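Participant: Heads up, the sequence shown is in the UniProt record's numbering, so the first residue is 1 and it goes up one at a time.
Just dropping this structure here.
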Amino acid sequence: MPVSSMMVALVDFGISFVILGIVMSFFRFVPSWRIVFMPLFLLLAVIVSLGAGLLISALNVRYRDFRYIVPFIIQFGLYISPVGFDSSTIPGKWRILYSINPMVGVIDGFRWSIIGKDINFYLPGFIISIVLTFTLL
1 MPVSSMMVAL VDFGISFVIL GIVMSFFRFV PSWRIVFMPL FLLLAVIVSL
51 GAGLLISALN VRYRDFRYIV PFIIQFGLYI SPVGFDSSTI PGKWRILYSI
101 NPMVGVIDGF RWSIIGKDIN FYLPGFIISI VLTFTLL
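Pasting the structure below:
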């Protein structure tokens, strides 16, 4: 079940990526050389999704009512991941704790590879994200 829902999300991502390319060409925005790292971050996002999906599926088999809690967990995860803000706004003493969320490295990586500016890419947080991703899997 998590693999099929992940494939649907990948199709949505592909359509959104094509639209992003059209908008970037309309505004004559040329991505930097960092765009070559985009497949790495996409693979990392797929592995995070697969690991979390398998964990949630196993919990749903054991505890039937767990599926009612999942939307709240996902909504909470949206607020603690850097979707609407930059990770550099997190104070230095909280960056390691903040990096426990595996999607932090993925979202920062997408932002770093697409925008291409010298944004503050926090490498220790990215390494923590990779380790937690493979732990989830």
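Glycine is no exception: its CB is placed at the ideal position from the N, C-alpha and C atoms.
Remember, it's a predicted structure, so these values are computed and weren't measured experimentally.
Between Tyr79 and Leu137, what straight-line distance do the alpha-carbon atoms span, to the nearest angstrom?
Facilitator: Going by the C-alpha atoms only, they are around 23 Å apart.
Participant: Report the three-state DSSP secondary structure of Asn60 (helix, strand or coil).
Facilitator: Looking at Asn60 - three-state DSSP - the assignment turns out to be helix.
Participant: What is the C-beta distance between Ser113 and Met38, in whole angstroms, given that I count them as a contact (C-beta under 8 Å)?
Facilitator: Yes, Ser113 and Met38 are in contact; Cβ-Cβ is about 5 Å, under 8 Å.
Participant: Might you give, ordered along the chain, the residues of its own chain that have their beta carbon closer than 8 Å to the beta carbon of Thr10, omitting 5 neighbours on each side?
Facilitator: A small correction: the amino acid at residue 10 is Leu; Thr does not occupy that position in the sequence shown. Val46, listed in sequence order.
Participant: So, do the region 122-135 and the region 95-111 have three or more beta carbon pairs nearer to each other than 8 Å?
Facilitator: Counting Cβ pairs under 8 Å, three or more are found: they touch.
Participant: State buried or exposed for Ala58, treating a residue as buried only when at least 16 other CB atoms are found within 10 Å of its CB.
Facilitator: The residue in question, Ala58, is exposed, as its Cβ has fewer than 16 Cβ neighbours within 10 Å.
Participant: Using CA coordinates, which residue listed in Ile115, Tyr122, Gly125 is at the minimum distance from Tyr20?
Facilitator: Looking at the sequence provided, one finds Leu at residue 20 rather than Tyr. Checking every option, the nearest Cα to that of Leu20 belongs to Ile115.
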